[in-house]
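S.K.:
Following this line, the structure appears as structure tokens:
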């Protein structure tokens, strides 16, 4: 079908215009943000030069990049600490979120009883909860993990719960007619049906777990107990080491973007054959 | 498709032994709507029985009662003296194809067997044979969204038939298809039915479809949903394109159509506010 369309030799002006438009859009999607980014960095550099801003207030981009290389050992080992917390908490969020969602799906009563608690946990700012965690939990890693988990698990829980409950009624009847057990219905019908919802929640949770990890480190780092990127930022702030502060900040941003892209890719790979969200528009 | 000239015609008026009788069956929903009222209906083994009627006449409800997806408020279902029937003897085809969108054609057809614990390897010959019967050989690895509406419905029929049920319940299965596809699926369904000799209860709102397919058409009326009249379609099987354009077919359609109009008017009652 598409082969025929591609080999069509004569396109009317309207179709030709559309093909051109599509090609432009495809290039523009990458080129435009890149161009704006380069422009912004250039402008940043110029502002520093034009106004003679000292580097402990606003370092030039080149200096930040140089710091990133010079302090690579320190910064990347800190990044590793933060990443460890991020991914562990994301993993726990997946286990906890999906586990609870499956539990909720077993009975409307369970869901009605416990869902409000999840909401309470979600809407209370983690910075406000942390002092409590600090009192009750001794182990540093556990503290951070718990914090990041509380921030990250909710979107997975709420999305997966929604997905498990959004199964087509006829499909449910079909399983019933075929004498499916509760477990079979979960395994072959509800879990696959919830997959797109879960993956949507996972994408949000990925970013949140990084935020959770950094925020937790900030609060913990204020007490000088952490070695993650956040504590590097606090440290650099105290010492007016703006270049390192910027370098750490850039590192966190890139990590966040990378997490989002990887999770988007995973989502696309899993859904590409069947789900509307992953299908290329045909017209 | 090849004509099966040599095949003996199936009994036209369904003289088989009784399979199921609905005795005084009524269904009232919790919102107070009387979906069915005092329905008496006997289904015989090997019947191709159509439930024909306007929307709201309870034909889908009747089908769900037979399938065991709902229970009657009054009356009883008599499966040859027993009030229940082994569900594995029932195949159900919904109005929409109702396929698992993430699973390919093979897995969709395998599902009923899989739920009964049949392994992929063991199910494979049965599934492939069923796919061949609905003319879908070569599509076993396609996912539903890659198929046309008619092909999806074929998968749905294959899935319903893969357990070799004795009763096939169909709830307006072809209503959403274009006419050319519907005719083709009608022909293929009849062919399958003649080969396997299962019993079909077919819900439709199309006079032409019901007459073409069935040996018995039960016309239903609405508000409350009830059996209005039964028409025997005494045309021999196999029925094919020639039958579709024959004067016999036209006459039977006219007869069924008249009864249906009677059923619709009976609903309107003295107020004449029908359709």
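Residue numbers (our numbering), protein chains in the order written: chain A, 34 to 316; chain B, 440 to 714.
Each residue gets a CB set at the ideal place from its N, CA and C atoms; glycine is no exception.
No experiment lies behind these values; they were computed from the predicted model shown.
1. Helix, strand or coil for residue 634 of chain B per DSSP?
2. With a 10 Å radius around its C-beta and 16 neighbouring C-beta atoms as the bar for buried, classify residue 711 of chain B as buried or exposed.
3. Look up residue 727 of chain B in the DSSP assignment and say whether it is helix, strand or coil.
4. With H, G and I counted as helix, E and B as strand and the rest as coil, what does DSSP make of residue 641 of chain B?
5. Assuming the contact rule is C-beta atoms closer than 8 Å, residue 562 of chain B and residue 553 of chain B should be a hit. Round their C-beta distance to whole Å, please.
6. Given a threshold of 16 other Cβ atoms within 10 Å of its Cβ, counted over all protein chains shown, does residue 73 of chain A qualify as buried or as exposed?
7. In chain A, which residues lie with their C-beta within 8 Å of the C-beta of residue 406 of chain B?
8. Check distances from the C-beta atoms of the region 460-493 of chain B to those of chain A and list, in chain order, the residues that come in under 7 Å.
9. Any beta carbon of chain B sitting closer than 7 Å to that of residue 212 of chain A?
10. Residues of chain B with a CB under 7 Å from the CB of residue 306 of chain A: which are they?
11. Check residue 578 of chain B in the structure and name its three-state DSSP category.
12. Find the residues of chain A that neighbour residue 508 of chain B, judging by a C-beta separation of less than 8 Å, and give them in chain order.
13. Contact criterion: CB-CB distance below 7 Å. Does residue 155 of chain A meet it with respect to chain B?
14. Determine whether the Cβ of residue 629 of chain B lies closer than 7 Å to any Cβ atom of chain A.
15. What do you reckon, are the CB atoms on residue 520 of chain B and residue 484 of chain B nearer than 7 Å?
16. Using a Cβ-Cβ cut-off of 7 Å, state whether residue 541 of chain B counts as contacting chain A.
17. What number of angstroms, rounded off, separates the C-alpha of residue 670 of chain B from the C-alpha of residue 51 of chain A?
18. What three-state label does DSSP hand residue 136 of chain A in the structure shown?
19. Using the rule of at least 16 other Cβ atoms within 10 Å of the residue's Cβ for burial, across every protein chain shown, is residue 305 of chain A buried or exposed?
20. Do you know offhand how far residue 186 of chain A's Cα is from residue 302 of chain A's?
21. By Cβ distance below 6 Å, which residues in the same chain neighbour residue 89 of chain A in space, the five residues on each side in sequence not counted?
22. CA-CA distance, residue 687 of chain B and residue 224 of chain A?
23. Going by the DSSP bridge assignment, what does residue 517 of chain B pair with across the sheet?
24. Quick one: is residue 343 of chain A buried, meaning 16 or more other Cβ sit within 10 Å of its Cβ, or exposed?
25. What does a CB cutoff of less than 7 Å around residue 278 of chain A pick up in its chain, not counting 5 residues either side in sequence?
26. Where does residue 684 of chain B fall in DSSP's three states?
27. Quick one: is residue 704 of chain B buried, meaning 16 or more other Cβ sit within 10 Å of its Cβ, or exposed?
28. Would residue 600 of chain B and residue 490 of chain B qualify as a contact pair, given that the criterion is a beta-carbon distance under 7 Å?
29. Could you tell me the distance, in whole angstroms, from the CA atom of residue 222 of chain A to the CA atom of residue 199 of chain A?
30. What is the residue span of the alpha helix (DSSP H) that residue 610 of chain B lies within?
31. Does DSSP put residue 542 of chain B in a helix, a strand or coil?
32. Taking all protein chains shown into account, do 16 or more other C-beta atoms lie within 10 angstroms of the C-beta of residue 250 of chain A, making it buried, or fewer, making it exposed?
33. If we count Cβ pairs, one from each stretch, closer than 8 Å, do we get three or more for the region 629-649 of chain B versus the region 468-478 of chain B?
34. Under 7 Å, Cβ to Cβ, is there at least one residue of chain B near residue 218 of chain A?
35. Under 7 Å Cβ to Cβ from residue 531 of chain B, same chain only, skipping five residues before and after it: list those, please.
36. With a cut-off of 8 Å, do at least 3 Cβ pairs link the region 168-175 of chain A to the region 204-217 of chain A?
M.R.: Let's see:
1. helix
2. The pLDDT assigned to residue 711 of chain B is 44, lower than 50, so where the model puts this residue is not dependable; a value taken from the coordinates is nonetheless given after this. By the neighbour-count rule (16 or more Cβ atoms within 10 Å), residue 711 of chain B is not buried but exposed.
3. Outside the displayed range of chain B (440 to 714) lies residue 727 of chain B, so it cannot be described from this structure.
4. strand
5. 7 Å
6. exposed
7. Chain B is shown only over 440 to 714; residue 406 of chain B falls outside these bounds and no answer can be derived.
8. none
9. yes
10. 582
11. coil
12. 206, 209 and 210
13. no
14. no
15. no
16. yes
17. 57 Å
18. helix
19. exposed
20. 23 Å
21. 273 and 275
22. 52 Å
23. B/460
24. There is no way to answer for residue 343 of chain A, as the model of chain A reaches only from 34 to 316.
25. 266, 269 and 270
26. coil
27. exposed
28. no
29. 11 Å
30. That residue, residue 610 of chain B, is in no alpha helix (DSSP H); its beta strand (DSSP E) goes 606-610.
31. coil
32. buried
33. no
34. no
35. 506, 599 and 608
36. no
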